[in-house]
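Colleague:
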Amino acid sequence: MIPSQALDALAAAVGPEWLKTDQAELATFASDGLPTHVSRPGAAVIPGCRDEVLRVLRILHHFQIPFVARGAGTGLSGGALARSDSVLVVLTRLTRILEIDATNRRAVVEPGVVNARLSTAAEPFGLHYAPDPSSQSACTIGGNVAENAGGPHCLKYGVTSNHVLALEVALPNGELVQLGSSGGESWGPDLVGLFVGSEGTFGLATAITVRLTPIPKAVRTLLADFAALRAAAEAVTSIIAEGFVPAALEIMDANCIAIVEASVYAAGYPTDAGAVLLIELDGMDEGAVASEANEVEALLASGGARNVLVASDPERRERLWQGRKKAFGALGRIGSDLVVQDAVVPRSRLPDVLEQIGAIGKRHRLSICNVFHAGDGNLHPNISFDGSQPGLSDRVQRASAEIMHTCIAAGGTITGEHGVGSDKLRYMPLVFTADTLGMMRRIRRVFDPHELANPGKVLPAHSCREP
Amino acid sequence: MTIAARIRALIGDDGLAEPDAVGTPRAVPASDAECALILRTAHAQRWRVRIEGCGSWMPPDAPAHLVLSTRRLTGIVDLNPADMVVTVRAGTKWDELRTLLANEGTWVPLDPPGAGRSVGSVVACATAGPLRTGFGTIRDQLLGQTLLTADGRVVQTGGRVVKNAAGYDITKLAAGSFGAFGLITSVHLRLRAVPRADLTLVARGDRDELLNGARAVLESGFIPAALEVISPRAGQADHWVLAVRVVGSDVAVAAERDAITAASGLTLERYGATRAAGFWQETLAGITAAPTTLRLGTLTSSLDDALDTIAHYLDGNCEDWISVNVLAGVVRWSGSADAGQLRLIRGIAAQREMPVTLERAPWPVRSELGHFGAYRDSVGRIVHSLWKAFDPQGTFSVPLGDQS
Chain U
91 MIPSQALDAL AAAVGPEWLK TDQAELATFA SDGLPTHVSR PGAAVIPGCR DEVLRVLRIL
151 HHFQIPFVAR GAGTGLSGGA LARSDSVLVV LTRLTRILEI DATNRRAVVE PGVVNARLST
211 AAEPFGLHYA PDPSSQSACT IGGNVAENAG GPHCLKYGVT SNHVLALEVA LPNGELVQLG
271 SSGGESWGPD LVGLFVGSEG TFGLATAITV RLTPIPKAVR TLLADFAALR AAAEAVTSII
331 AEGFVPAALE IMDANCIAIV EASVYAAGYP TDAGAVLLIE LDGMDEGAVA SEANEVEALL
391 ASGGARNVLV ASDPERRERL WQGRKKAFGA LGRIGSDLVV QDAVVPRSRL PDVLEQIGAI
451 GKRHRLSICN VFHAGDGNLH PNISFDGSQP GLSDRVQRAS AEIMHTCIAA GGTITGEHGV
511 GSDKLRYMPL VFTADTLGMM RRIRRVFDPH ELANPGKVLP AHSCREP
Chain D
436 MTIAARIRAL IGDDGLAEPD AVGTPRAVPA SDAECALILR TAHAQRWRVR IEGCGSWMPP
496 DAPAHLVLST RRLTGIVDLN PADMVVTVRA GTKWDELRTL LANEGTWVPL DPPGAGRSVG
556 SVVACATAGP LRTGFGTIRD QLLGQTLLTA DGRVVQTGGR VVKNAAGYDI TKLAAGSFGA
616 FGLITSVHLR LRAVPRADLT LVARGDRDEL LNGARAVLES GFIPAALEVI SPRAGQADHW
676 VLAVRVVGSD VAVAAERDAI TAASGLTLER YGATRAAGFW QETLAGITAA PTTLRLGTLT
736 SSLDDALDTI AHYLDGNCED WISVNVLAGV VRWSGSADAG QLRLIRGIAA QREMPVTLER
796 APWPVRSELG HFGAYRDSVG RIVHSLWKAF DPQGTFSVPL GDQS
């Protein structure tokens with residue numbers, strides 16, 4: 091499907107070994123972290139530096155070949171999938187940390203730098219990169235920028251867009267532009283804010299300047315278990331209302347606890363609990379954090395928690411976190427297919443929405459596991475299943491759509507941190523008017539007039555009304 | 436039919452208020468639908484429209500066929516303290532919003548300079564104050580908005596949720612674009628609980644000594660709510676002032692106070708609540724005493740250079756209103772300067788990778804200079820194309836900047 095002249099030019103631009111056209115090799119790029127979506131690209135090209143990225147984009151622009159950028163392939167929206175008429179531009183060789191400027195608390199990285207590696211590199215300076223998606227040991231900063239990724243600690247520290255100061259961007263025509271400024275002050279309208287979360291449809295970030303945050307000197311992790319999921323959700327609202335801003339507020343429901351505890355990732359969570367609530371409090375002063383932990387513990391007890399475990403040393407804290415961090419891994423072991431949702435609802439609606447999700451699961455005879463960022467109201471109802479069973483995939487899809495409609499009806503939105511990709515495309519008209527979608531399409535064309543970059547993602551073309 | 440008569444016919448007698456100082460008719464719509472009706476008509480008739488809030492920040496002097504005032508687009512649309520989100524209409528005064536939220540035990544951690552401003556003005560101009568240190572700018576508090584484009588289309592982005600990755604972030608694009616991308620009629624803002632303790636510490640001294648003290652505070656790892664080095668004019672003092680604001684629980688604030696005092700190496704005076712509130716209010720209100728305000732961004736480590744540049748080109752006698760956000764690396768200057776001086780400093784700053792935003796100025800100055808400029812690469816072309824995508828006819832009388 092990709093013209094041979096274009097393939098020859100790409101091979102010359104990056105070296106033949108970094109152009110993949112063999113179908114068996116391309117199969118490894120056919121899905122991201124969401125196994126329900128599969129699409130094999132026409133070719134995959136793996137540039138080794140910024141100049142090669144620019145050369146690749148100019149070739150693709152010349153031949154008017156669509157392309158899709160890909161980092162580690164850990165995305166959960168089918169956003170990094172390319173059709174057979176498209177070329178996948180894989181950025182995993184751009185892995186240099188270009189600068190760590192401890193004085194100004196910033197770092198400049200290439201897009202293929204793995205999220206956790208940046209924090210490791212910044213640690214000697216007493217700093218870290220705060221956004222911490224669950225896949226942080228594998229996902230790349232470039233992918234985080236594309237999706238505006240979040241993570242458990244984004245409740246206090248914010249999502250990716252709160253931490254990106256400036257971007258060097260290769261536009262789809264192969265032109266290089268600098269957005270923002272090195273200190274983070276906007277240079278003109280907020281193009282950095284616009285680019286973050288644009289899911290690779292405006293171009294590729296080739297260098298990313300991010301904010302680094304001091305590593306907290308004191309941390310307390312609390313694990314509260316509740317007889318009912320509703321009580322855990324209500325405890326979240328009361329903690330926020332009392333003025334606490336925990337670093338993280340995470341809930342796992344009974345189904346999820348059972349799956350985690352039956353796996354190699356067992357963390358000792360009580361299997362008779364309706365839900366566990368994981369809370370992390372941090373700060374720069376030991377006494378202040380200890381005092382807050384005492385207050386939150388009392389609040390949890392008065393809110394119906396059966397037990398509250400408090401850990402301050404790293405090993406015990408790590409153990410309490412283990413089940414949460416490995417929950418997706420545990421889910422992946424019980425079924426060949428997994429639907430991961432990412433809707434967000436106003437925090438106060440969590441108790442009702444969770445009950446409705448439970449009812450949807452029962453109605454469709456599906457086991458739904460909830461493991462989510464409760465402090466943000468960011469739900470992750472997951473359905474693990476075997477897609478080869480007749481009729482099961484359809485049931486899962488119907489249940490997923492009902493869950494999404496329930497969240498939207500509660501005043502929520504369709505994605506909090508995974509992005510729209512191809513997975514949530516059909517839901518976009520439910521949260522945006524045709525005029526709003528039309529304006530988004532016009533914005534897209536400013537960066538990419540021929541709509542070559544990640545075509546068919548984010549915006550459902552038939553729903554966009556333009557003047 | 437005159438424009439005034441046309442407005443009256445469109446939205447009734449209540450929709451037309453007194454004309455401005457030069458006789459331009461002033462529409463005062465009360466709903467998004469009325470705003471859309473006016474803008475559709477303006478677009479069709481090729482009128483130029485000036486958006487106006489309370490008239491206390493940007494001089495109401497942009498030439499236009501019609502003034503569109505947000506003064507009747509007021510009030511809180513929705514506030515549920517449990518969600519920590521408020522939806523408020525753009526014409527609401529920021530101070531009124533603050534009072535209403537305080538009654539519910541909540542606040543938006545943002546202290547925009549100026550006085551008597553509307554919510555729409557604060558968002559459209561993205562004027563964060565000293566609290567930027569601890570809480571970020573308006574972009575970090577803004578969860579969504581309703582924006583009316585120049586031809587009256589309603590664009591709604593974001594929502595009443597604190598996390599949102601659906602679609603392109605038009606909310607951030609419009610915030611800080613001075614109304615060039617459209618009329619903001621309402622916004623969703625993230626709230627926090629009012630902190631239990633709120634402390635202001637102040638030191639006076641030499642500029643460089645205070646800057647060094649502020650940097651030493653940051654090296655301690657603590658990030659105060661505000662850490663501002665303020666010129667004598669801005670601080671109504673004989674010397675430069677370092678003002679530190681710490682908020683949180685009683686225990687946390689006490690710990691932070693001790694750590695900051697030790698780290699700064701300065702004598703920090705503790706202000707009582709009334710004195711602290713008065714100090715911040717007077718400092719921030721004083722910004723509009725001079726006609727022109729600009730914001731210059733740099734790195735924390737380059738602030739001395741930025742201040743020297745401003746002193747050299749704009750403030751030779753060191754008499755102007757200046758406030759330095761040390762962590763954000765932002766210098767805000769308010770004084771008098773002509774377009775030539777401002778163009779010069781924008782060009783020189785750009786060479787040092789320091790963007791300069793013209794936040795407010797009389798029309799002759801801002802129309803000549805634009806709010807933004809001296810872009811790198813082809814960013815100017817992108818901005819211009821985006822602007823034209825939202826407002827192809829230049830309906831809104833906003834000098835966003837040229838393509839250079």
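For the record, the sequence lines run as chains U and D.
As numbered in this note's numbering, residues 91 to 557 make up the first sequence, in order.
As numbered in this note's numbering, residues 436 to 839 make up the second sequence, in order.
For glycine and all other residues, C-beta sits at the position ideal for the given N, C-alpha and C.
Predicted model, so just to flag it, every value in this text is computed and none were measured.
Go ahead and pull the three-state DSSP assignment for N345/U.
Modeller: Three-state result, N345/U: helix.
Colleague: Need the endpoints of the beta strand (DSSP E) that C470/D sits in, please.
Modeller: Here C470/D belongs to no beta strand (DSSP E); instead the alpha helix (DSSP H) covers D467 to Q480.
Colleague: Any residues in the stretch 592-604 of chain D with a beta carbon nearer than 9 Å to a beta carbon of chain U? Which ones, in chain order?
Modeller: Listed by position, the residues of the stretch 592-604 of chain D near chain U (Cβ gap below 9 Å) are T592, G593, G594, R595, V596, V597, K598, N599, A600, A601, G602, Y603 and D604.
Colleague: Tell me whether the stretch 691-699 of chain D and the stretch 754-772 of chain D touch, counting them as touching only if at least three CB pairs, one residue from each stretch, are closer than 8 Å.
Modeller: no
Colleague: Chain U beta carbons: is any one of them nearer than 8 Å to that of T733/D?
Modeller: T733/D belongs to the set of residues whose beta carbon lies under 8 Å from a beta carbon in chain U.
Colleague: Whole angstroms are fine: how far does the CA of R506/D sit from the CA of C554/U?
Modeller: 32 Å
Colleague: Whole angstroms are fine: how far does the CA of V791/D sit from the CA of L731/D?
Modeller: 5 Å
Colleague: Find out if the Cβ-Cβ distance for the pair L313/U, V366/U is shorter than 8 Å.
Modeller: The answer is yes: Cβ separation under 8 Å.
Colleague: For S832/D, decide whether its Cβ has a neighbour in chain U, counting only Cβ atoms nearer than 8 Å.
Modeller: For S832/D, not one C-beta of chain U is nearer than 8 Å to its own C-beta.
Colleague: With a threshold of 16 other CB atoms inside 10 Å of the CB of P242/U, please say whether the residue is buried or exposed.
Modeller: buried
Colleague: Can you give the Cα-Cα distance for S483/U and D476/U, rounded to whole angstroms?
Modeller: Near 8 Å, if we compare the C-alpha coordinates of D476/U and S483/U.
Colleague: Quick one: which residues of the stretch 516-527 of chain U get their C-beta closer than 9 Å to a C-beta of chain D? List them in chain order.
Modeller: Taken in chain order, the members of the stretch 516-527 of chain U whose beta-carbon sits within less than 9 Å of a beta-carbon on chain D are Y517, M518, V521, F522, T523, D525, T526 and L527.
Colleague: Evaluate S167/U with the Cβ neighbour count: other Cβ atoms within 10 Å of its Cβ, from every protein chain shown; 16 or more gives buried, anything less gives exposed.
Modeller: By the neighbour-count rule (16 or more Cβ atoms within 10 Å), S167/U is buried.
Colleague: Give the secondary structure of T164/U by DSSP, where H, G and I count as helix, E and B as strand, and everything else as coil.
Modeller: coil
Colleague: Starting from R423/U, follow the beta strand (DSSP E) in both directions and report where the run begins and ends.
Modeller: Where R423/U is concerned, there is no enclosing beta strand (DSSP E), given that its DSSP letter is neither H nor E.
Colleague: Let me confirm a value: V554/D is counted as buried when at least 16 other C-beta atoms fall within 10 Å, else exposed. Which label applies?
Modeller: buried
Colleague: Distance cutoff 8 Å, beta carbons only. Does D375/U sit that close to anything in chain D?
Modeller: Yes - at least one Cβ of chain D is within 8 Å of the one on D375/U.
Colleague: Please return the same chain residues whose Cβ sits closer than 7 Å to the Cβ of G808/D, not counting the five positions on each side in sequence.
Modeller: R781, G836, D837 and S839
Colleague: Does the pairing of the stretch 363-383 of chain U with the stretch 427-439 of chain U give three or more beta-carbon distances under 8 Å?
Modeller: no
Colleague: Would you say M493/D reaches chain U, if we count a Cβ-Cβ gap shorter than 8 Å as a contact?
Modeller: no
Colleague: Name the chain U residues that come within less than 8 Å of E788/D, Cβ to Cβ?
Modeller: S271 and S272
Colleague: Quick one: which residues of the stretch 460-477 of chain U get their C-beta closer than 8 Å to a C-beta of chain D? List them in chain order.
Modeller: H463, D466, G467 and N468
Colleague: With distances taken between CB atoms, is the gap from T744/D to A796/D smaller than 8 Å?
Modeller: no
Colleague: Helix, strand or coil for S504/D per DSSP?
Modeller: In the structure shown, S504/D sits in a strand (DSSP, three-state: E or B).
Colleague: Where does K514/U land, buried or exposed, given buried means 16+ other C-beta within 10 angstroms?
Modeller: buried
Colleague: With three or more beta-carbon pairs closer than 8 Å as the criterion, would you say the stretch 512-530 of chain D touches the stretch 583-592 of chain D?
Modeller: no
Colleague: Is the stretch 338-358 of chain U touching the stretch 260-277 of chain U, taking contact as three or more C-beta pairs under 8 Å?
Modeller: With a cut-off of 8 Å, the stretch 260-277 of chain U and the stretch 338-358 of chain U do not count as touching, because too few Cβ pairs lie within range.
Colleague: Interface residues of chain U around I817/D at Cβ under 8 Å?
Modeller: The contacting residues are V267, L281, V536 and F537.
Colleague: So, do the stretch 711-727 of chain D and the stretch 671-687 of chain D have three or more beta carbon pairs nearer to each other than 8 Å?
Modeller: yes
Colleague: Helix, strand or coil for F215/U? Go by DSSP, reduced to three states.
Modeller: helix
Colleague: Between the stretch 602-616 of chain D and the stretch 279-299 of chain U, do three or more beta carbon pairs fall short of 8 Å?
Modeller: Yes, the stretch 602-616 of chain D touches the stretch 279-299 of chain U.
Colleague: How many whole angstroms separate the CB atoms of L267/U and S737/D, which I take to be in contact at a CB cut-off of 8 Å?
Modeller: Per the sequence shown, residue 267/U should be read as Val rather than Leu. Not confirmed; about 23 Å, so no contact.
Colleague: Relative to the C-alpha of E654/D, which residue among A101/U, A395/U, F334/U and F215/U is closest?
Modeller: The option with the nearest alpha carbon to E654/D is F215/U.
Colleague: Between which two residues does the beta strand (DSSP E) harbouring G580/D extend?
Modeller: Per the sequence presented here, residue 580/D reads as Gln, with Gly not at that position. Q580/D -> beta strand (DSSP E) spans L577 to L583.
Colleague: Using DSSP with H/G/I as helix, E/B as strand and the rest coil, what is F316/U?
Modeller: strand
Colleague: Between G458/D, V457/D, E453/D and I446/D, which lies nearest to D469/D when the distance is taken from Cα to Cα?
Modeller: What sits at residue 469/D in the sequence shown is Glu, not Asp. Selected option, being the one with the closest Cα: I446/D.
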